[in-house]
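For the sequence shown, the working numbering assigns the number 16 to the initial residue and increments by one for each residue that follows.
Written below as structure tokens is the structure these notes are about.
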Amino acid sequence: MSETRGRLTVRRGTVRDADTMLALFDDAVRWLTERGHTGQWGTAPFSAIPQRVQQVRGWGAAGALRVAERDEAAGLGLAKVRVDCWAGGGGALVQYYVRAGFTPVETVQVEAWTGRVLEVRV
């Protein structure tokens with residue numbers, strides 16, 4: 016995962032984006048697992064879990080998938096983009112987003128899971 020600078024474009028994802036999204040989830044699971052942080056999504060790649068594959072493909076089919084690309088999101092009328100992520104494991108994932116230009120704005124607690132909401136102005 017590398018730091019990206021520039022404008023951010025968010026587009027509606029489709030089923031055609033599902034394999035790319037699954038690969039990104041697989042990379043994230045691998046990255047977190049290598050660092051001993053399994054509290055976000057466990058240790059199994061998303062692409063190896065039929066329910067996860069179906070979920071991501073369903074998001075694409077329903078138009079509920081969003082793909083963020085650095086470019087010109089303001090043209091879509093967006094003032095900011097928000098993401099949420101796991102805040103455990105020493106905050107390494109939060110710091111990844113901070114290095115990418117996001118600012119933490121809120122902490123979220125869902126049962127035993129602690130997350131951070133971050134945003135970037137576009």
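The beta carbon of each residue, even a glycine, is placed where N, CA and C say it ideally should be.
Contact check, residue i vs residue j under 8 Å by CB: the rounded distance?
i: V137; j: V96; result: 6 Å
i: G106; j: R50; result: That pair is no contact at about 11 Å.
What's the C-alpha gap between residue i and residue j?
i: A83; j: R26; result: 6 Å
i: D32; j: R45; result: 20 Å
i: G73; j: V30; result: 8 Å
i: T122; j: A79; result: 24 Å
i: A127; j: T48; result: 19 Å
i: V125; j: G54; result: 13 Å
i: C100; j: A76; result: 24 Å
i: R81; j: V98; result: 11 Å
Less than 8 Å between the C-beta atoms of residue i and residue j, yes or no?
i: T58; j: A102; result: no
i: F61; j: D41; result: yes
i: L37; j: V71; result: yes
Nearest CA to the CA of residue i: which residue from the options?
i: L93; options: A38, Y111, V135 and A43; result: V135
If we count Cβ pairs, one from each stretch, closer than 8 Å, do we get three or more for the segment 114 to 124 versus the segment 63 to 73?
no
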